[in-house]
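Okay, so here's the structure we're looking at.
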Amino acid sequence: MGRKEPFIPVPTSISKAVEEALSGRKHLNFGLLFNKWMKVKEEKSHSLSFSFVAKVVKEDLLDKYAFCKPSIKTRLDAQHKLRMDFFEEMKRFGFQQYCFKARAKTSLILGLGNAHPSERGFTFHWTLGIPYIPAESIKGVVRLAFLIERAREDPSFFDHWAAQDDDYWMAVREIFGAQEHGSHGAYRGKVMFLDALPLDVPELMLEIATPHYRDYYKGERGPTEDQHPVPLPFLAVKPGTEFLFCCLFKDLSPQAQRELEQAFQYAILEHGLGAKTSLGHGVFEVVRK
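Numbering-wise (the working numbering), the sequence shown opens with residue 1 and increments by one.
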């Protein structure tokens, strides 16, 4: 006999533990709730199938997120303290740090392409359960910004970039590292990029994507005008949220330090972070260094 109400497709013991956590008796990793414990609804058909109740569930998620904020803040504050202690320890090994605070001017869309029942994912820290910007994402955008700035200064660098020849790898190796190329071995970059954490528990909001050619994207027919747009809600971080961006480096030349700072600023002020940056999402402004 089918279930009429949406339910979490996990064993009863886990479902019970989740409900207890949401009732306030236990701490809850909100990232797990979003990624692993989403509700589905059984559909009436001859075969067993389930649908994700996107809008209803995600509106409910915002309420659950608000409920979890006090425990999230406790973990976030502890993580910031651990990071400051980490910086002090790294100084003993000769590392310098470059940090600055930046505020999101537009909504920030993180991990939209992550696997999820709604087909609209989001990036939560695996152990903290908070929205964050992964270090590898930051490094990738800063690296792109660095290359664009280099090409602006020297248009001929575009040819080296396209060919990924020795000149290209020599340009990026000190800051970002380089893979094995030609007669040169692999090289580890001198900069350690860190995850960007929010300074306080961020507010989440629902953004909407509206595909106009649903049947076309499903491969059923062409992009005809008689197909109905289907609004698809997804999570985003509200504008105004402040993040702390940091990286560590050792034995970095003064010129490379200047290039790193310039590329970092360009990456977040002009290019943006996260998804849909071409539409203006994920743009920041520096608060103070």
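Glycine included, every Cβ here is placed at the ideal spot set by N, Cα and C.
Own chain partners of residue i with C-beta closer than 7 Å, once the 5 adjacent residues on each side are dropped
i, result
"Ile148", "none"
"Ala145", "Ala263, Tyr266, Ala267 and His271"
"Gly280", "Thr106"
"Gly182", "Asp166"
"Asp195", "Tyr132, Ile133, Pro134 and Ala135"
"Ala104", "Val237, Pro239, Gly240, Thr241 and Phe284"
"Phe87", "Gln97"
"Ala78", "none"
"Tyr168", "His160 and Trp161"
Status (buried if at least 16 other CB within 10 Å, exposed otherwise) for residue i
i, result
"Lys139", "buried"
"Thr123", "buried"
"Leu82", "exposed"
"Met84", "exposed"
"Ile72", "buried"
"Ser51", "Residue confidence is low: Ser51 scores 43 on pLDDT, short of 50, so the model does not pin down where it sits. No coordinate-derived value is stated."
"His46", "Here the model assigns His46 a pLDDT of 39, short of 50, so the residue's position is not dependable and the matter cannot be decided."
"Pro198", "buried"
"Val230", "exposed"
"Gly219", "exposed"
"Pro155", "exposed"
"Glu20", "exposed"
"Gly222", "exposed"
"Lys16", "exposed"
"Gly94", "exposed"
"Ala163", "exposed"
"His160", "buried"
"His125", "buried"
Residue range of the unbroken alpha helix (DSSP H) whose run includes residue i
i, result
"Met38", "No alpha helix (DSSP H) contains Met38, which DSSP labels as neither H nor E."
"Arg221", "That residue, Arg221, is in no alpha helix (DSSP H); it is neither H nor E in DSSP."
"Leu260", "Pro254 to Tyr266"
"Trp126", "Run containing Trp126: none; DSSP gives neither H nor E here."
"Ile295", "With the chain covering 1 to 289 only, the question about residue 295 has no answer from this structure."
"Ser13", "Thr12 to Leu22"
"His160", "Phe157 to Ala163"
Residue span of the beta strand (DSSP E) that contains residue i, given as start and end
i, result
"Tyr98", "Gln96 to Ala104"
"Glu242", "Glu242 to Phe249"
"Glu285", "Phe284 to Arg288"
"Val141", "Taken as a continuous stretch (DSSP letters only), Val141 belongs to no beta strand (DSSP E), being part of the alpha helix (DSSP H) at Ala135 to Glu153."
"Leu232", "Leu232 to Val237"
"Phe193", "Val191 to Phe193"
Cβ neighbours of residue i in the same chain (closer than 6 Å, five flanking residues each side left out)
i, result
"Ala275", "Ile109 and Leu112"
"Glu180", "Ala186"
"Val18", "Trp37"
"Phe193", "Ala135, Ile138, Lys139 and Cys247"
Candidates the options, of which the one nearest residue i by Cα
i, options, result
"Met235", "Ile208, Glu180 and Leu260", "The question names Met, but residue 235 is Leu in the sequence shown. Nearest option by C-alpha distance: Ile208."
"Asp200", "Glu242, Asp226 and Trp37", "Glu242"
"Lys64", "His228, Glu203, His184 and Val230", "Glu203"
"Gly282", "Gly177, Val40, Ala66 and Val141", "Val141"
"Val287", "Ala162, Lys101 and Val18", "Lys101"
"Leu273", "Gly94, Ser137, Ala66 and Cys68", "Ser137"
"His80", "Leu244, Leu269 and Thr277", "Leu244"
"Leu232", "Glu225, Gly222, Thr224 and Leu206", "Leu206"
"Cys302", "Lys91, Leu32 and Met90", "Shown here, the chain extends from 1 to 289; a query on residue 302 therefore has no answer."
"Leu62", "Arg75, Asp159, Leu22 and Met90", "Leu22"
Residues near residue i by beta carbon distance below 8 Å, same chain, minus five either side
i, result
"Leu260", "Tyr98, Val142, Phe146, Ile175, Val191, Cys247, Phe249 and Leu252"
"Thr127", "Asn29"
"Phe158", "Ala151"
"Met76", "For the record, residue 76 in the displayed sequence is Leu; it is not Met. So the list reads Leu128, Ile130, Leu197, Pro198, Asp200 and Val201, once near-sequence residues are dropped."
For the structure I just gave you, are there three or more beta carbon pairs, one from the region 124 to 131 and one from the region 253 to 263, closer than 8 Å? Under the 8 Å Cβ criterion, the region 124 to 131 does not count as touching the region 253 to 263, having fewer than three qualifying pairs.
Practice prompt. Would you check if there are 3 or more beta carbon pairs closer than 8 Å linking the region 31 to 38 to the region 2 to 19?
Written response: yes
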